[in-house]
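Chemist:
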Amino acid sequence: MTTPTIGVFDSGFGGLTVLRALVTRAPQARYAFIGDTARLPYGSKSRRTIARYAAQSARFLVEQQHAEYLVIACNTASALALDAIKEAVPASVSVIGVIEPGAEAARRASMTGDVLVIATDATVQSHAYAAACRAQGLRALEKACPLLVPLVEEGWIDHPVTAEVIRIYLDELLAEAAAAGLNPDVLVLGCTHYPLLKPVFRQMIPASMLIIDSAESAADKLVMYLCYDLGTPPPVAPGDPVMKFFATDSVEKFERLGSRFLERPVGNVELVDLGG
């Protein structure tokens, strides 16, 4: 296998930040991305329903797009449906979520063993990052930041309102950390929308605190898989990477907003029906 096919799944299009990180690291691969936009947000669904939806998308990428690797760019699906996804595809398909790689990167970066995690309500309520960090010997304090996703999707990346919202969230989180006797030196971005706000986060946190982007961490882990399977670092091919995009609804919105997350035009997005 010299040109692997990598399937990337998200409940929407925020996972395009994961695809962006993947393409930067392995531009020679073929990519198929599906956003289950007809059924988002996943966070309001039951674990069983999320597992069923995610498994349908995984099977689509493997059976119809011939993906040999799956990257689950959705934090909610990574938290609640990773085992179901693995059961839904052949054992030969490598499945990578975004939460465990983020926790592993936090462990490598942290000197104090205390980390902060910001994410959506659903991800925080699952406590998946706290559990993954605990497995790495870290103490993690999580905070839901529900206003950030709609602000990003509105395009208010550099808006003073967004900066003020981030400041309030981080001030509250740092105060909670101090009250708990923690000395955090790492901030984990536990939502695929948040990388677009990374420059704002950088301005708001202490200069000594490192930022871990779970999208980049997942991409790094995928490259490790490729190196192991190919026996050599993935070659860099000239030209643009081969990418196909699919959505279960809101194709026009995907095409409009997708370039913001991917930092390049997404082109045509194909509408697909994954069933009930």
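Residues in the sequence shown are numbered consecutively from 0, following numbering that gives the first Met the number 0.
Think of the CB as a built atom: it goes at the ideal place given N, C-alpha and C, for glycine as much as any other residue.
Considering G257, what are the terminal residues of the alpha helix (DSSP H) in which it resides?
Modeler: Start and end: V250 to L261.
Chemist: For a quick check, are the C-beta atoms of T191 and G13 less than 8 Å apart?
Modeler: For T191 and G13, yes; Cβs fall inside 8 Å.
Chemist: Using CA atoms only, rank isn't needed, just tell me which of P183, L196, L188 and G189 is closest to S207.
Modeler: The shortest C-alpha separation from S207 is found at P183.
Chemist: For P149, is the classification buried or exposed, using 16 other Cβ atoms within 10 angstroms of its Cβ as the cut-off for buried?
Modeler: So P149 counts as exposed.
Chemist: Between which two residues does the alpha helix (DSSP H) carrying R133 extend?
Modeler: Looking at the DSSP string, the run of the alpha helix (DSSP H) that includes R133 is A127 to A134.
Chemist: Thinking C-beta only, is A127 closer than 8 Å to A162?
Modeler: The answer is no: Cβ separation not under 8 Å.
Chemist: So, F253 versus E269, is the Cβ gap smaller than 8 Å?
Modeler: The answer is no: Cβ separation not under 8 Å.
Chemist: Candidates G154, P194, A134 and F8: which alpha carbon is nearest Q64's?
Modeler: Of the candidates G154, P194, A134 and F8, the one whose C-alpha sits nearest the C-alpha of Q64 is F8.
Chemist: For the beta strand (DSSP E) that F8 lies in, which residues bound it at each end?
Modeler: Note, F8: beta strand (DSSP E), T4 to D9.
Chemist: Candidates R259, V265 and S249: which alpha carbon is nearest P240's?
Modeler: Here the closest residue by C-alpha is V265.
Chemist: On the CB-based measure, 16 or more other CB atoms within 10 Å of its CB, does N74 come out buried or exposed?
Modeler: Burial call: buried.
Chemist: Quick one: residues in its chain with C-beta nearer than 6 Å to the C-beta of D248, no 5 flanking neighbours on either side, listed in chain order?
Modeler: Hits under 6 Å: T36 and A37.
Chemist: Quick one: grab the DSSP three-state call for K142.
Modeler: In this structure, K142 counts as strand in the three-state DSSP scheme.
Chemist: Between G101 and P3, what straight-line distance do the alpha-carbon atoms span, to the nearest angstrom?
Modeler: Each residue's alpha carbon lies about 23 Å from the other.
Chemist: What residue ranges within the segment 97-125 form continuous beta strand (DSSP E) runs of no fewer than 3 residues, ordered along the chain?
Modeler: DSSP runs (the beta strand (DSSP E)) wholly in the segment 97-125: 113-118.
Chemist: What three-state label does DSSP hand A176 in the structure shown?
Modeler: Note: A176 maps to helix in three-state DSSP.
Chemist: Residues in its own chain within less than 6 Å of A28 by CB, not counting five upstream and five downstream?
Modeler: Cβ within range, chain order: P3 and I5.
Chemist: Smallest Cα separation from T119: which of A178, E153 and A143?
Modeler: It is A143 whose Cα lies nearest to the Cα of T119.
Chemist: Going along the chain, which residues of its own chain have a beta-carbon closer than 7 Å to the beta-carbon of R106, five neighbours each way excluded?
Modeler: Only Q135, G136 and L137 meet the Cβ criterion.
Chemist: Using CA atoms only, rank isn't needed, just tell me which of S10, D113, A50 and A80 is closest to I210.
Modeler: Ranking the options by Cα distance to I210, first place goes to D113.
Chemist: Pairing CB atoms from the segment 51-64 with CB atoms from the segment 14-28, are three or more of them under 8 Å?
Modeler: With a cut-off of 8 Å, the segment 14-28 and the segment 51-64 do not count as touching, because too few Cβ pairs lie within range.
Chemist: Please go through the same chain and pick out, in chain order, the residues whose beta-carbon is closer than 8 Å to the beta-carbon of S258, but skip the five residues on each side of it.
Modeler: If we look at S258 and ignore the five residues flanking it on each side, its Cβ neighbours are P264 and V265.
Chemist: Which class does K243 belong to by DSSP, given the choice of helix, strand or coil?
Modeler: Strand at K243.
Chemist: Looking at the unbroken alpha helix (DSSP H) that takes in D82, where does it start and where does it end?
Modeler: Where D82 is concerned, the enclosing alpha helix (DSSP H) stretches over L81 to A87.
Chemist: What three-state label does DSSP hand F32 in the structure shown?
Modeler: It is a strand residue.
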